[in-house]
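Under the numbering used here, the first residue of the sequence shown carries the number 12, and numbering increases by one thereafter.
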Amino acid sequence: IWGKPTWGTYWVWDARLTSMLIMFFLYLGVIALINAIPDPRQAGRAAGLLSVVGVINVVIVKYSVEWWHSLHQGSTLKIIGDTSMPPAMLIPLLISMLGIYLLFAVSVLWRARAELLWRERKSAWVRERI
């Protein structure tokens, strides 16, 4: 979307962009595998295997800016050492990161609760609660 005004073209074969495109195709592959195999256990195993292979690409996406000359800047927020971000930007970033982590945790708990209730839907304790 922003590639044309920034780079003069819609797509640049940058290391970060290309590795993200590969990751997108891996996600589509996992979804396709789950829907293509009728047996849920076999589909889960195949999708799990593809996901484990895809984890390698996560490392490539993370370090692609440092390994290859890239259009993207290096890490601004560092765990060890000084950050190159001014405090006026760093504090809102950290607060928003905390908010996203909390939202994710609540979403996982809600999903786990829904899954538990679905699996135990014929149990007496679930019928009593609903």
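For glycine and all other residues, C-beta sits at the position ideal for the given N, C-alpha and C.
Asked                                                                                                                                              : Found
How would you label Ala26, buried or exposed, when you count the other beta carbons within 10 angstroms and need 16 or more for buried?            : buried
Do Ile67 and Ala58 count as a contact pair if the criterion is CB distance below 8 Å?                                                              : no
Sort Val41, His83, Leu88 and Ala116 by Cα distance to Leu105 and report the nearest one.                                                           : Leu88
Between the alpha carbons of Pro103 and Lys73, how many angstroms are there, rounded?                                                              : 23 Å
Mind checking whether Ile90 and Ser30 have CB atoms under 8 Å apart?                                                                               : no
Work out the CA separation of Pro49 and Val144 for me, nearest whole Å.                                                                            : Residue 144 cannot be examined here, being either before or after the span of the chain that is shown, 12 to 141.
Quick check on Lys15: does DSSP put it in helix, strand or coil?                                                                                   : helix
Which residues in the same chain have their Cβ closer than 8 Å to the Cβ of Val137, if we skip the five residues on either side of it in sequence? : Leu128 and Glu131
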